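Enquirer: The opening residue of the sequence shown carries number 0 in numbering that gives the first Met the number 0; numbering runs sequentially from there. Don't be surprised by glycine CBs; every beta carbon is placed ideally from N, CA and C. As the structure is a computational prediction, the values presented were derived from the model and not from experiment.
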Amino acid sequence: MILALVLLVVALCVALAGWAAWFVARDRAVVLNQLWGGAVIEVVVLVQGVVAIVQGATGAGAGDPLLFWGYFATTLVILPVAAAWAFAERTRWSSVVLLVASLTVAFLEWRMWQIWTVA
């Protein structure tokens, strides 16, 4: 894993969470542009997965590969599920779902970095 990618994902997640929090405070539902923001985060996470596979193949892998890839799989699933839920729920609660999902992905990302650097 590359620290710059970790920090990018965390920053994007925090920005998306802030945007969703603004919508919660304004009692508004998620808009399509926010879902596109989540898609951008997913692409960066996928790039990070490719980097992790390459680094793992060259010998610089995670301290606990099973735990790391479990976190990675969970990270990949959270935002799409939240996006589907937010798209179906057209109330302010859709913004709450996106807020929680974004913060969860940021936390999982940081946790994956901790697992990776233990090696």
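Are there 16 or more other CB atoms within 10 angstroms of the CB of residue 34, so buried, or fewer, so exposed?
Expert: Position 35 of the sequence shown, counted from the start, is the residue given in the question as residue 34. When all chains shown are included, residue 34 counts as buried.
Enquirer: Hey, residue 8 and residue 43: beta-carbon distance below 8 Å or not?
Expert: Your numbering for residue 8 matches position 9 in the sequence shown. Your numbering for residue 43 matches position 44 in the sequence shown. In this structure, residue 43 lies closer than 8 Å to residue 8 by Cβ.
Enquirer: Please list the segments of the alpha helix (DSSP H) lying wholly inside the segment 18-100, counting only runs of 4 or more residues, in order along the chain.
Expert: The qualifying runs are 31-56 and 64-87.
Enquirer: For residue 0, does the three-state DSSP call read helix, strand or coil?
Expert: Within the sequence shown, numbered from 1, the residue matching residue 0 stands at position 1. Coil at residue 0, not helix or strand.
Enquirer: Using a Cβ distance threshold of 8 Å, determine whether the segment 87-106 contacts the segment 5-25, with at least three qualifying pairs required.
Expert: Taking 8 Å as the limit for Cβ pairs, the verdict is that the segment 5-25 does touch the segment 87-106.
Enquirer: With distances taken Cα to Cα, identify the nearest neighbour of residue 79 among 89, 13, 70 and 97.
Expert: What you label residue 79 is simply residue 80 of the sequence shown in a count that begins at 1. Among 89, 13, 70 and 97, the Cα nearest to that of residue 79 belongs to 97.
Enquirer: Less than 6 Å between C-beta atoms, sequence neighbours within five positions excluded: which residues of the same chain meet that for residue 16?
Expert: Residue numbering aside, residue 16 sits at position 17 when the sequence shown is read from its first letter. The residues are 98, 101 and 102.
Enquirer: My understanding is that residue 4 touches residue 53, with C-beta atoms under 8 Å, so please give their C-beta distance in whole angstroms.
Expert: The count along the sequence shown starts at 1 and reaches residue 4 at position 5. The count along the sequence shown starts at 1 and reaches residue 53 at position 54. Not really, about 12 Å apart at Cβ, beyond 8 Å.
Enquirer: What separation, rounded to the nearest whole angstrom, lies between the Cα atoms of residue 61 and residue 72?
Expert: The residue given as residue 61 occupies position 62 in the sequence shown. The residue given as residue 72 occupies position 73 in the sequence shown. Near 15 Å, if we compare the C-alpha coordinates of residue 72 and residue 61.
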